[in-house]
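A short write-up of the structure that comes next.
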Amino acid sequence: MGSIGEARLGKLLSDLMDQKLGKWRNWQMPSVVETIGPYDPNCLSEFNLKRERICDAVGSFLRSLSEQDILLLTDSSIDDPNQKRRAWQAFLEAEVAELRKSEPSWFKAGFGNLAYEADFEHWGRMPHFTLHEAVNLSIGFEPNEFPKDLLMELAKDSKPRDFASPSLAFLIKRFELMGRAFLLARRHDASIARSDLLDWFQEVGLEVHPEFLVSLKKFSKKPSEKPPRSEKTENLSSQEKRTLLKLIAAMACEQYSFDPNVARSDAASRIRDDLELIGENMDSKTIRKWLTEAMEFVDKDYWKTPR
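Letter by letter, the sequence shown follows residues 3 to 309 of the numbering used here.
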């Protein structure tokens, strides 16, 4: 074996290992901690054990070859009358293919995969969330790590019991639960205000990733923290109230496309979201009340013009 040289021989063997095993040669088990939802680290250990056995078998096979065989396998210009290159290609081919098919998804062992953990400080500052973001963050991972379209497609066409993965079944159940609690967010892509999301979590006692909950509370402004309002804004005259209602009517119709004749309008939720952006809170019911009152100042002919 000295004719090839130890360094070159080692390089040739390493290249053949890479050729046969690809990424599985140096695959590392991810770091997964127990968090919200199912937790089964054994599935990773079982997969890694299977991987190690295949790697060991490939290594043993290569070490049993002569220098001439190793050169033949790595140099296609060398004549191969016994088709040893084809035999090498077929060696453990099915087992490696099966390894590729059975690779655990990033959430297979649980949603506590540290490589996918959410930036809770960043997300806690957000004034509102989509349903997709709220669901994934409540479990603890970055929203884009499980795409919105895939999540909605799975929830639409399947039931949680249809999934072999307990983690995936848990995610779909969480999406269904929160989708019913925030119907406008699910059906019309309306956003969920940070304060509304926090209130709902606390109201139903849902198990939420503790760091996301801490971040929501940290950045949710409490009424007691706001400065006292001046008497001037608290005690409006009738004329001042009429003036403010006219302003509300103009902004609601022209900037938020509010139409009292439409059964379902997202104007109230959009106004609520914008209030959050300036540090104020108001529930959608109160917003709709003032919108309805302001509509008496809109000319009836306004609604006849197509918009």
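Built from N, CA and C at the ideal position, the CB exists for glycine as well.
Problem set entry | Pairwise C-alpha distance: Q257 and W305 | So the two alpha carbons sit approximately 15 Å from each other.
Exercise. Can you name the start and end residues of the alpha helix (DSSP H) that A76 belongs to?
Worked result: Note that residue 76 corresponds to Thr in the displayed sequence, not to Ala. E69 to T76 is the span of the alpha helix (DSSP H), which, as asked, contains T76.
For this session: From the DSSP output, in three-state form, read off V34 for me.
Result: In the structure shown, V34 sits in a strand (DSSP, three-state: E or B).
Exercise. If we ignore side chains and look at the alpha-carbon of each, how far apart do S271 and F184 end up?
Worked result: Cα to Cα, S271 sits roughly 11 Å from F184.
For this session: Report yes if the CB atom of F177 is closer than 9 Å to the CB atom of L153, and no otherwise.
Result: L153 sits close to F177, with the two beta carbons spaced by under 9 Å.
Exercise. Excluding five sequence neighbours on each side, which residues of the same chain lie with their C-beta closer than 8 Å to the C-beta of A157?
Worked result: Result list for A157: I174, F177, E178 and G181, in chain order.
Exercise. Going straight from the alpha carbon of L23 to that of V98, what length do you get?
Worked result: Spanning the alpha carbons of L23 and V98 requires a straight line of approximately 7 Å.
For this session: Go to Q204, then tell me how far its alpha helix (DSSP H) extends in each direction, as first and last residue.
Result: Where Q204 is concerned, the enclosing alpha helix (DSSP H) stretches over R196 to V206.
For this session: Could you pull out every residue in the same chain whose Cβ sits closer than 6 Å to the Cβ of K150, ignoring the five residues on either side in sequence?
Result: Hits under 6 Å: H134.
Problem set entry | Whether L116 touches I72 by CB criterion (9 Å) | Note that the C-beta distance between L116 and I72 is not below 9 Å.
For this session: Assign N44 to one of three DSSP states: helix, strand, or coil.
Result: Here N44 carries a helix assignment [DSSP, helix/strand/coil].
Problem set entry | First and last residue of the uninterrupted alpha helix (DSSP H) at R266 | The continuous stretches of alpha helix (DSSP H) do not include R266, and DSSP gives it neither H nor E.
Exercise. Are the C-beta of A59 and some C-beta of chain C separated by less than 9 Å?
Worked result: Here chain C cannot be found, since the structure has a single protein chain.
Problem set entry | Beta-carbon spacing of F122, V35 below 9 Å | Cβ distance not < 9 Å, so F122 and V35 don't count as in contact.
Problem set entry | With 16 other Cβ atoms within 10 Å as the buried cut-off, status of N263 | Exposed, since its Cβ has fewer than 16 Cβ neighbours within 10 Å.
For this session: Could you spell out the range, first to last residue, of the alpha helix (DSSP H) harbouring P168?
Result: Note, P168: alpha helix (DSSP H), P168 to A183.
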